[in-house]
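Number of protein chains: 2
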Amino acid sequence: MRKIITISREFGSGGRELGKRLAEKLNFAYYDREIITEISKKMGVTEEYAQKLSERGIYKHAFQIAKSFTVYSEIQNNQTEILVAQQKILKNIAENGNAVIIGRGANVILKKYNPMNIFVYADMEAKINRCRMKVEEDRNLSDKEMENKIKQIDKNRKNYHKIISNLEWGDKRNYDLCINTSNLEIKKIIPALAEFIGEYFGGDRE
Amino acid sequence: MRKIITISREFGSGGRELGKRLAEKLNFAYYDREIITEISKKMGVTEEYAQKLSERGIYKHAFQIAKSFTVYSEIQNNQTEILVAQQKILKNIAENGNAVIIGRGANVILKKYNPMNIFVYADMEAKINRCRMKVEEDRNLSDKEMENKIKQIDKNRKNYHKIISNLEWGDKRNYDLCINTSNLEIKKIIPALAEFIGEYFGGDRE
Numbered sequence: 223m224r225k226i227i228t229i230s231r232e233f234g235s236g237g238r239e240l241g242k243r244l245a246e247k248l249n250f251a252y253y254d255r256e257i258i259t260e261i262s263k264k265m266g267v268t269e270e271y272a273q274k275l276s277e278r279g280i281y282k283h284a285f286q287i288a289k290s291f292t293v294y295s296e297i298q299n300n301q302t303e304i305l306v307a308q309q310k311i312l313k314n315i316a317e318n319g320n321a322v323i324i325g326r327g328a329n330v331i332l333k334k335y336n337p338m339n340i341f342v343y344a345d346m347e348a349k350i351n352r353c354r355m356k357v358e359e360d361r362n363l364s365d366k367e368m369e370n371k372i373k374q375i376d377k378n379r380k381n382y383h384k385i386i387s388n389l390e391w392g393d394k395r396n397y398d399l400c401i402n403t404s405n406l407e408i409k410k411i412i413p414a415l416a417e418f419i420g421e422y423f424g425g426d427r428e
Numbered sequence: 223m224r225k226i227i228t229i230s231r232e233f234g235s236g237g238r239e240l241g242k243r244l245a246e247k248l249n250f251a252y253y254d255r256e257i258i259t260e261i262s263k264k265m266g267v268t269e270e271y272a273q274k275l276s277e278r279g280i281y282k283h284a285f286q287i288a289k290s291f292t293v294y295s296e297i298q299n300n301q302t303e304i305l306v307a308q309q310k311i312l313k314n315i316a317e318n319g320n321a322v323i324i325g326r327g328a329n330v331i332l333k334k335y336n337p338m339n340i341f342v343y344a345d346m347e348a349k350i351n352r353c354r355m356k357v358e359e360d361r362n363l364s365d366k367e368m369e370n371k372i373k374q375i376d377k378n379r380k381n382y383h384k385i386i387s388n389l390e391w392g393d394k395r396n397y398d399l400c401i402n403t404s405n406l407e408i409k410k411i412i413p414a415l416a417e418f419i420g421e422y423f424g425g426d427r428e
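Chains as they are written, first to last, in the working numbering: chain A, 223 to 428; chain B, 223 to 428.
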């Protein structure tokens, strides 16, 4: 059986770092930005455009950026197309072998593959500090500006999740393990986490 | 620094088993029923009585079982006394050395000791199966009866949590790690979990 690990994460919680390190440790394929790259290639749009449309509330973003009805319709179509493409790509990934997949509602879309679903979160203070440390362009934002940015991005993720399922993003019931990174150094917990995952997939799930 | 692990858990999720096995693995003291035993001894009441009053919404239970106002007042006083005794005992435990503590709002009461707080939960189906396997008297209950029992016990825990703090019981923000045991064999994840905890308390927390 394929072993699929999905990582859902609050912005700034270090979920991506956790996923990447985990994939390396487990020798699993790792998918994050790669999914958007593939979509943008297939559709002949820029990665930035595909990214914007892929994790926003459907049609909402179209409405925000459209300047006329014709443009609105076109963006609507693109957004639907992107979501369909994303679903196909995720399923291909799952068929292809063991993988760690970051975001994109993979926990929902790949349900039939019985993925292990991890949610990564942290206190606002920890997230702000992390963003400031990791993202050059965020260094000049005030705490309040950082907090607003974090909240807006997570709101988009929540909306996207609502489109593709009736489950609530971040509700612990929809995940196998929820990790609060506020008091953790991510790289240090990877061996323990890899072992935990090994046991999760072990036994009768093999 | 003392290493305190608190385990909050949904009834039937296996949180107690997880805590007990963890304490054995880590060679930490383990406190669960022991706390009630100590309270009942100190107050000269039965363990059953101390148990009932210790995890219910304050005064609510007194109201339910009192037959007259005098009795009601007495139970009220007992309940307050039990909560105070429980707080003292928890603090003694924390001062005494490394420990795993099950329930009783230890995550809140012992906040200043920087405990690692774990929440253990599971799907209703898994919890019903578990109760049926572990508790002799539950074997004859229907699924619906089991579900009601589980919900009632968790409601009491939620109420108790409300008395001692303004934090919501089961809200992942108040815990460091939330473990869904629905698809896990608890004893198999103990080594990985012990390692995870070692890292949590490692480094600058030593």
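Glycine residues also receive a C-beta, built at the ideal position from the N, C-alpha and C atoms. Everything numeric in this text was worked out from a predicted model, so none of it was measured.
* Asked: Given 8 angstroms as the limit, is there contact between the segment 408 to 428 of chain A and the segment 401 to 418 of chain B, that is, 3 or more CB pairs closer than that?
  -> yes
**Study point:** Separation of TYR271/B from LYS225/B, as counted between CA atoms
**Key:** 31 angstroms
Check: In chain order, what residues of the same chain lie with their CB nearer than 7 angstroms to the CB of SER235/B, ignoring the 5 residues before and after it?
Finding: VAL342, TYR343, ALA344, LYS349 and THR403
| request: Return the chain-ordered ranges of every beta strand (DSSP E) run that is complete within the segment 303 to 387 of chain A and spans a minimum of 3 residues. | output: 321 to 324 and 338 to 343
**Item:** Under the three-state DSSP convention, the category LEU399/A falls into
**Value:** strand
Quiz item: Which stretch, first to last residue, makes up the beta strand (DSSP E) that contains ARG231/A?
Solution: 226 to 231
Taking the continuous alpha helix (DSSP H) assigned at GLU270/A, which residues delimit it?
269 to 276
Do ILE297/B and THR228/B come within 9 angstroms of each other at the CB atom, strictly closer than that value?
no
- request: Look at the alpha carbon of LEU244/A and the alpha carbon of ASN318/B, and state the distance between them as a whole number of angstroms.
  value: 37 angstroms
* Under 8 angstroms between beta-carbons, which chain B residues line up against GLY424/A? List them in chain order, please. => LYS410
Mind checking whether ILE372/B and MET346/B have CB atoms under 9 angstroms apart? yes
Could you say which of GLU246/B, ALA328/B, LYS384/B and ASN299/B lies nearest to ILE311/B if we only look at CA atoms? ALA328/B
Discussion item. Buried or exposed, going by whether 16 or more other CB atoms sit within 10 Å of the CB of GLU246/A?
Written reply: exposed
Check your understanding: In whole angstroms, what separates the C-alpha of GLU428/A from that of GLY325/A?
Key -> Its pLDDT being 41, under 50, GLU428/A is placed unreliably by the model, and nothing is read from it.
Q) What residues from chain A crowd round ASN405/B, counting only those whose CB sits closer than 9 angstroms? A) ASN336, MET338, ASP398, TYR422 and ARG427
- Determine the direct distance from the alpha carbon of ARG395/A to that of GLY266/A, and round the result to whole angstroms. 38 angstroms
**Prompt:** Given 8 angstroms as the limit, is there contact between the segment 352 to 365 of chain B and the segment 352 to 366 of chain A, that is, 3 or more CB pairs closer than that?
**Reply:** no
Rounding to the nearest angstrom, what Cα-Cα distance links ASN405/B and GLU407/A in this structure?
27 angstroms
(Q) Let me make sure I understand the geometry here. Which of ASN299/B, LYS274/B and ILE304/B has the alpha-carbon closest to that of ARG379/B? (A) LYS274/B
Closer than 7 angstroms by C-beta to LYS264/A: which residues in its own chain qualify, once you throw out the five before and the five after it? Chain order, please. ALA307
Where the alpha helix (DSSP H) containing LEU240/A begins and where it ends: 237 to 248
> For ALA251/A, which residues does DSSP report across the bridge?
Replying inline: ALA321/A
Identity of the residue in ASP398/A, ASP360/A, GLN301/A and MET368/A nearest LYS333/A by Cα: ASP398/A
- Message: List, in chain order, every chain B residue whose beta-carbon is nearer than 7 angstroms to that of ALA316/A.
- Response: Under the 7 angstroms cutoff, chain B gives no residues; its nearest Cβ is about 18 angstroms from ALA316/A.
field: Whole-angstrom C-beta distance between VAL330/B and SER276/B, which should lie under 8 angstroms
entry: Between VAL330/B and SER276/B the Cβ distance is about 14 angstroms, and since that is not below 8 angstroms, they are no contact.
Report yes if the CB atom of ILE258/B is closer than 9 angstroms to the CB atom of ILE315/B, and no otherwise.
no
List the whole-angstrom C-beta distance separating ARG238/B from ASP254/B, where the pair is believed to meet the contact cut-off of C-beta under 8 angstroms. 6 angstroms
Keeping to the same chain, check which residues put their C-beta closer than 8 angstroms to that of LEU305/B; ignore five residues upstream and five downstream. SER276, ILE280, ILE385 and ILE386
If I follow the unbroken alpha helix (DSSP H) through LYS409/A, where does it start and stop? 408 to 423
**Asked** So, does the CB of ILE401/B fall closer than 9 angstroms to a CB anywhere in chain A?
**Response** yes
| query | Does the beta-carbon distance from ASN249/A to ASN320/A come in below 9 angstroms? | reply | yes
Quiz item: Taking a cut of 7 angstroms between CB atoms, which residues from the segment 370 to 396 of chain B lie near chain A?
Solution: LYS394
Are the beta-carbon atoms belonging to TYR410/A and GLU421/B less than 9 angstroms from one another?
Looking at the sequence provided, one finds Lys at residue 410/A rather than Tyr. A contact, by the Cβ cut-off of 9 angstroms.
- Message: Whole angstroms are fine: how far does the CA of TYR335/A sit from the CA of GLY425/B?
- Response: Caution applies to GLY425/B, whose pLDDT of 49 falls short of 50 and renders its modelled position unreliable; the value that the coordinates give is listed next. If I take the Cα positions, the gap works out to 38 angstroms.
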